[in-house]
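Visitor:
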Amino acid sequence: MVNIGEDINLAANLLKEGKLVAIPTETVYGLAANGLDTDAIIKIYQAKNRPLFDPLILHSNSIQKIENLADLSNPLARKLAETFWPGPLTLVLPRKKIIPDLITSGLETVAVRIPRHPLTLKLLSVLEFPLAAPSANPFGYISPTTAQHVAAQLGDKVDYILDGGACSVGLESTIIGFENEQPVIYRLGGLAVEAIEKITGKISINRNLSSNPKAPGMLKTHYAPRKPLLIGDIAKLLEENNHKKCGVLSFSETFTGNNVLAMELLSTQKDYAEAARNLFSKMRLLDESEAELILTEFLPEDFLGKAINDRLIRAAAK
Ligand code: TXA
Ligand code: MG
């Protein structure tokens, strides 16, 4: 059985020895290792079965420490960092030499963020190195939002799981890069576009590069359950699949029928933040249920609805 607990000293010591520790963040759980130690970083790729062309995010607890890793001189980048860190925002910035190529997959940029979780901020504050941490799921599968999700999927591959409870945001960070000094969203996520645009003005979204992706969160299939997932008008989908055992994932409305085997609501109050928090754990429940397929619907494209729809599209892709 994997060791799960709240012991920051133990987590820090294991990380200093080059071991893997799963850490809580406000977005999803991360699979962390010393981000300056190549041997430790390789273990992350191996544990996740992640292709080496998919670069990692470095996490730290202060802008000052981040500046040792990346160039924050772009005024808009700095403004975004000062406004939203700690929080669900990742910035892709010019890298400093100290960073191993394995972190960036050889790119000249590095992804950095300060997560907003008290346990992990404490942990980062006692470490002299940043933590490389992708989501703590096998590559391509649904991201974990509790310590138990991590234990179920990567329990035999991590040395410790730092348990910080259920993630308060529930969607991965929004990733912003810069092209010709202008900000571009590479991955929709837990920080809503509307909030970002208050700082940047109208921002472009470039999420669909499927070959040579800037962010494999951009890959067509990602965040996916094992069962087929269909998106549309749930009532209609239930009719069309009346001989199948269906699991339903709806925004706020309950559906009934002989073929409804399991029913999960994202938010009875139609609250986007609550829906985001529930998305991955409910998808996971339906994936583990007796249902043969999962039926779901798009949310309105406001606030976090946009990022939730992005994850649904990738979960449905073959
Ligand atoms: O919320 C999050 O961001 C979580 C928590 C643990 O912090 N982490 C996370 O990491 O989602 P991961 O590895 O699952 O997704 C990181 C994304 C990948 O899609 C990767 O391609 C992109 O960041 N990325 C990393 N470095 C990049 C770079 N230099 N340029 C463009 N994209 C980059
Ligand atoms: Mg991931």
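Basically this note's numbering = 1-based index in the sequence shown + 153. Each residue gets a CB set at the ideal place from its N, CA and C atoms; glycine is no exception. Keep in mind the model is a prediction, meaning the values are calculated, not measured.
1) Starting from T327 and walking both ways along the beta strand (DSSP E), at which residues does that stretch end?
2) Distance, Cα to Cα, L324 vs V181?
3) Which first and last residues belong to the alpha helix (DSSP H) in which T257 is found?
4) Excluding the five sequence neighbours on either side, which residues of its own chain have a C-beta within less than 6 angstroms of the C-beta of L382, listed in chain order?
5) Among the candidates L390, I352, I338, whose CA atom is the shortest distance from the CA of L244?
6) With the cut-off set at 9 angstroms, would you say E406 and I384 are in Cβ contact?
7) Go ahead and label G318 buried or exposed: buried means 16 or more other beta carbons lie within 10 angstroms of its beta carbon, across all protein chains shown.
8) Taking Cβ positions, are H396 and P283 nearer each other than 9 angstroms?
9) Are at least three pairs of beta-carbons, each pair with one atom in the segment 169-176 and one in the segment 301-314, less than 8 angstroms apart?
10) If we count the other Cβ atoms within 10 Å of its Cβ and call it buried at 16 or more, is M416 buried or exposed?
11) For A286, which option in I197, F237, A234, K169 has the closest C-alpha, if you only look at C-alpha atoms?
12) Between D207 and ligand 1, is the CB less than 8 angstroms from at least one heavy atom?
13) Any C-beta of chain C sitting closer than 9 angstroms to the C-beta of T407?
14) Take N412 and list the residues in its own chain whose beta-carbon comes closer than 8 angstroms to its own, dropping the five residues that flank it on each side.
15) Going along the chain, which residues of its own chain have a beta-carbon closer than 7 angstroms to the beta-carbon of K250, five neighbours each way excluded?
16) Considering only residues of the same chain and omitting the five flanking positions on each side of D258, which have a CB-CB separation below 8 angstroms?
17) Where does I295 sit, in a helix, a strand or coil, going by DSSP?
18) Hey, would you say the C-beta of S215 is under 8 angstroms away from at least one heavy atom of ligand 2?
19) Tell me the residue span of the alpha helix (DSSP H) that contains H302.
20) Considering S403, what are the terminal residues of the beta strand (DSSP E) in which it resides?
21) For V303, which residues in the same chain have their Cβ closer than 6 angstroms to its Cβ, ignoring the five residues on either side in sequence?
22) Name the DSSP bridge partner or partners of N187?
23) Thinking just about the alpha-carbon of each residue, which of K389, L229, L452, P291 is nearest to the one in N202?
24) Taking the alpha carbon of S321 as the reference point, which residue from A164, D190, N359, A426 has its own alpha carbon closest?
25) Please confirm whether any heavy atom of ligand 1 lies closer than 8 angstroms to the CB of V303.
Guide: According to the structure shown:
1) First-last of the beta strand (DSSP E) with T327: 327-332.
2) Looking at the two C-alpha atoms, the distance is approximately 6 angstroms.
3) Segment 254-257, the alpha helix (DSSP H) holding T257.
4) Excluding residues within five positions, the ones whose Cβ falls inside 6 angstroms are I447, A468, A469.
5) For the set L390, I352, I338, the Cα lying nearest the Cα of L244 is the one of I338.
6) With respect to the 9 angstroms criterion, E406 and I384 are not classified as neighbours on the basis of their beta carbons.
7) So G318 counts as exposed.
8) Contact flag unset, no.
9) With the cut-off at 8 angstroms, the segment 169-176 and the segment 301-314 touch.
10) Its Cβ being crowded by 16 or more others within 10 Å, M416 is buried.
11) Considering only alpha carbons, the answer is I197.
12) Yes.
13) No chain C is present in this structure, which holds just one protein chain.
14) Excluding sequence positions up to five before and after N412, its CB lies within less than 8 angstroms of the CB of L391, N394, N395, H396, K397, K398, C399, all in the same chain and listed in chain order.
15) Within the same chain, and ignoring the five residues on either side of K250 in sequence, no residue has its Cβ closer than 7 angstroms to its Cβ.
16) A small fix is needed here, since residue 258 is Ser in this sequence, not Asp. Only L205, F206, D207, P208 meet the Cβ criterion.
17) In the structure shown, I295 sits in coil (DSSP, three-state: anything other than H, G, I, E or B).
18) No, Cβ of S215 sits at least 8 angstroms from all heavy atoms of ligand 2.
19) Start and end: 300-307.
20) Counting along the chain, the unbroken beta strand (DSSP E) around S403 starts and ends at 399-403.
21) Correct list, in chain order: A175, Y182, A289, P297, I314.
22) For N187, which the question treats as bridged, DSSP gives the partners L284.
23) Check the Cα spacing between N202 and each of K389, L229, L452, P291: the tightest is with P291.
24) Shortest Cα-Cα distance from S321 to any of A164, D190, N359, A426 involves A426.
25) It does not: the Cβ of V303 is nowhere closer than 8 angstroms to a heavy atom of ligand 1.
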